[in-house]
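Read in order, the letters of the sequence shown correspond to residues 1 to 432 in full-length UniProt numbering. Even for Gly, the Cβ is constructed at its ideal location relative to N, Cα and C. Please read all numbers here as calculations on a predicted model, not as lab measurements. So the structure is just underneath, and the comments pick up after that.
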Amino acid sequence: MAVERIEYAAASLPALVDDVFFMVLDYLEPAHLAPLVRCCQLLHTRALPVLLGTEVRRDRALLWACRHGRLSAVRRAVAFGANIVAPAYLATSRVTQNGAGATQIVYRTSPLRVAAQSGNLVMLQVLMELGATLDMPREFPQKMLSPDREISSFLASISEKPERLPLLLLFFNSALAGCGGGFFQGASYAQICLQHAFGGPKLPPVEAVRFLVSYKGPGGCASVRRLQASKTKKACPLARAILGRQRELEELLVAHRADIHGIPYWTEDLPMRAADIPIYAAARMMAHDGIDLVRRCIVLGADVRHDSNIVYTSRTPLPVYLYVASVENWNKDQLLRPTEGIKFWLGQGMAIDDGRVGKGCPQPGIWSSGSLPSMIEMLIDKWGADFLANDEFNRVISLLAKPGLSDQHLSLLDRLPSPKDPKNGVFEVRLE
């Protein structure tokens, strides 16, 4: 009889140990349980039913694995029943003003977005193989899951950084490019990605832009002209390519009908930037890169008097002003001497006084009147009257102050101080 009791107790001991083991695991919080099971592989294996025992825990493990690139953990979580389309996670709400305590709210997100934000190409491939899609359920409240916001964030993650080009190509070469609904139903993912690509701090790779503007899948290809015409606060892609000295990208954009006039000035009270209009961007780079860019813009239809009949809210003047302001030195050994640069603009039919006084303009958000400083005023203000001793600087001032061009310029020169010159005693503007 005693032997039978001992045998029965011995047979029941493993089950009792398991019961106690799982009772202890159930008592522990997930934050305390996770580091504990990492100590031993056997302990980790035995604790999996508890670690992945609820929907929130399974989904949380899936998202953690996506974020940290743990492929085996992703497959394990999916095998235990994790939601591969819209996994849930807990977030703690803030304490309300009426004193109510913080509560935990269940939110849902896309594992594709999490993997894209980490930049893990292999993880994105594995998720696609396991059935992840952008067709997320829409029965959840908008606060818990916003499919449109998840899709937008995913597209931004694969296109904003140049190093994410492999993820971009993987997405558009998969069935995911035809998924999505709601706000994105029938939308061109290529167009959205092109907008995100030029909205980042760095210019996108030429290969990415070429792929997007030539894409033949669902929604059609991206349009550079449509991007320029959209009412966004993003810079003009063509102007950015010029400022970034990306000649190949510039030629690609022009070949796909980029508007040489840049982005229209919308009603928002925003200053005009050189990155908004290609001729302004080329004028800013002219002192460093020569006249080829400006000449190319003019050949494509850009106007050297671009919007000279208005004054922008930032009082940004004509392209020639940006060129004059961008001159950093007056040495004779530079690529383009300032005198030659001024002569080039005058040779294009640019009058010195163009754009100095704003005229009536029907566009709201733009000052209809006001005045800009003359180029002589701008140069003297930047470099100082003492700099008239520099031969090249003096030639530019004299070129701008030739009789018959502007009486106001000449009267300004009459008011300049006459500092002592070690050689000649007084600085003079040498009208040639």
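| query | result |
| --- | --- |
| Distance check for E150 and T109, CA to CA, integer angstroms please. | 7 Å |
| Sort A175, R395, L165 and V209 by Cα distance to A255 and report the nearest one. | V209 |
| Are the beta-carbon atoms of A275 and A281 separated by less than 8 Å? | yes |
| So, with DSSP's three-state summary, where would you put Q195? | helix |
| Whole angstroms is fine: what's the gap from A88's alpha carbon to P147's? | 13 Å |
| Going by the beta-carbon positions, is the gap between G341 and Y323 smaller than 8 Å? | yes |
| Find out if the Cβ-Cβ distance for the pair A115, L134 is shorter than 8 Å. | no |
| Can you give me the C-alpha to C-alpha distance between G360 and S230, rounded to a whole angstrom? | Here G360 scores only 41 on pLDDT, less than 50, and its place in the model should not be relied on; the value that follows carries that caveat. Distance between the alpha carbons of G360 and S230: 25 Å. |
| Quick check on A275: does DSSP put it in helix, strand or coil? | helix |
| Please name the residue, chosen from E129, V56, H196 and R226, that lies closest to V106 on a Cα-to-Cα basis. | V56 |
| Quick check: the Cα distance between A258 and N331, rounded to an integer number of angstroms? | 36 Å |
| Express the C-alpha separation of F393 and P201 in angstroms, rounding to a whole number. | 36 Å |
| Can you tell me whether R108 is helix, strand or coil according to DSSP? | strand |
| Taking the alpha carbon of L168 as the point to measure from, which residue in A239, Y215 and K343 has its own alpha carbon closest? | Y215 |
| Measuring alpha carbon to alpha carbon, tell me which of Q191, G199 and G219 ends up nearest G178. | G219 |
| From the DSSP secondary-structure annotation, give me the bridge partner or partners of A82. | For A82, which the question treats as bridged, DSSP gives no partner whatsoever. |
| Can you tell me which residues form a DSSP beta bridge with L90? | V106 |
| DSSP on residue 462, reduced to helix/strand/coil? | With the chain running from 1 to 432 in the structure shown, residue 462 is simply not present. |
| Taking just the CA atoms, how far does R245 sit from A190? | 25 Å |
| Report the start-end ranges of each beta strand (DSSP E) in the stretch 196–237 that is 3 residues or longer and not cut off at the edges. | none |
| Using the three-state DSSP reduction, which class does D148 fall into: helix, strand or coil? | helix |
| Quick test of your reading: I260 and L318, contact by CB under 8 Å. State the CB separation rounded to the nearest angstrom. | Their Cβ separation, rounded to whole angstroms, is 16 Å, which puts I260 and L318 out of contact at 8 Å. |
| How many Å lie between L165 and I158 at the Cα? | 7 Å |
| Less than 8 Å between the CB atoms is what I'm expecting for G262 and V304, so what's the real figure, rounded? | About 14 Å; that fails the 8 Å criterion. |
| Where does E340 sit, in a helix, a strand or coil, going by DSSP? | helix |
| Look at M136 and A86 and say whether their C-beta atoms are less than 8 Å apart. | yes |
| Are G131 and F172 closer than 8 Å when you measure CB to CB? | no |
| Can the beta-carbon of F198 be found less than 8 Å from the beta-carbon of R247? | no |
| Between which residues of its own chain and N83 is the CB-CB distance below 6 Å, once the five residues before and five after are set aside? | D59 |
| How about L253 and V224: do their beta carbons lie closer than 8 Å? | yes |
| Candidates Q228, V294, M375 and S374: which alpha carbon is nearest L336's? | V294 |
| Using a threshold of 8 Å, state whether the C-beta atoms of P278 and C236 are closer than that. | yes |
| Between S174, Q228 and A325, which has its C-alpha nearest M375's C-alpha? | A325 |
| Check each candidate in P141, E163, F344 and I298 and name the one with the smallest Cα separation from Q117. | E163 |
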